[in-house]
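J.:
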Amino acid sequence: MSNLSLEEFYKLSEKEKGVRYKELSDHDRFLVRISMPIKGENVGFRELTEREKKEAKEFEEAVKSGNINKWFNKEV
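Counting in this note's numbering, the sequence shown runs from 3 upward without gaps.
(1) What do you reckon, are the CB atoms on phenylalanine 11 and leucine 26 nearer than 9 Å?
(2) Who are the Cβ neighbours of leucine 8 in its own chain at under 6 Å, not counting the five residues just before and after it?
(3) Under the three-state reduction of DSSP, which class applies to lysine 76: helix, strand or coil?
(4) Ends of the alpha helix (DSSP H) at valine 45?
(5) Contact defined as beta carbons within less than 8 Å: I believe glutamate 54 pairs with tryptophan 73. What is the distance between those atoms, to the nearest angstrom?
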């Protein structure tokens with residue numbers, strides 16, 4: 003295992019980075035991981051119904067008041 007510097011690593015192609023990642027120090031691997039972009043996609047959006055809004059408000063109040071167990075055990 004060679005000791006690849008972070009500067010050298012960033013100059014590599016994406017494919018080569020995948021192969022040589024293990025050559026970085028523990029700290030440099032950590033820096034690479036936290037600097038990677040977070041990928042995701044929005045799968046949709048819809049407005050909440052009035053019932054959902056009411057339940058969300060009740061849940062929020064249960065959390066704030068410490069009654070979360072009571073909220074989960076309520077009868078529907």
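No residue lacks a Cβ here, since even glycine has one placed at the ideal position from N, Cα and C. No experiment lies behind these values; they were computed from the predicted model shown.
T.: Quick look at the numbers:
(1) Against a cut-off of 9 Å, the Cβ pair of leucine 26 and phenylalanine 11 comes out as a contact.
(2) Answer for leucine 8: Asp30, listed in chain order.
(3) Shown here, lysine 76 sits in coil according to DSSP, grouped into three states, outside any helix or strand.
(4) Taken as a continuous stretch (DSSP letters only), valine 45 belongs to no alpha helix (DSSP H), as it is neither H nor E.
(5) Beta-carbon to beta-carbon, glutamate 54 and tryptophan 73 are separated by about 15 Å, too far to satisfy the 8 Å threshold.
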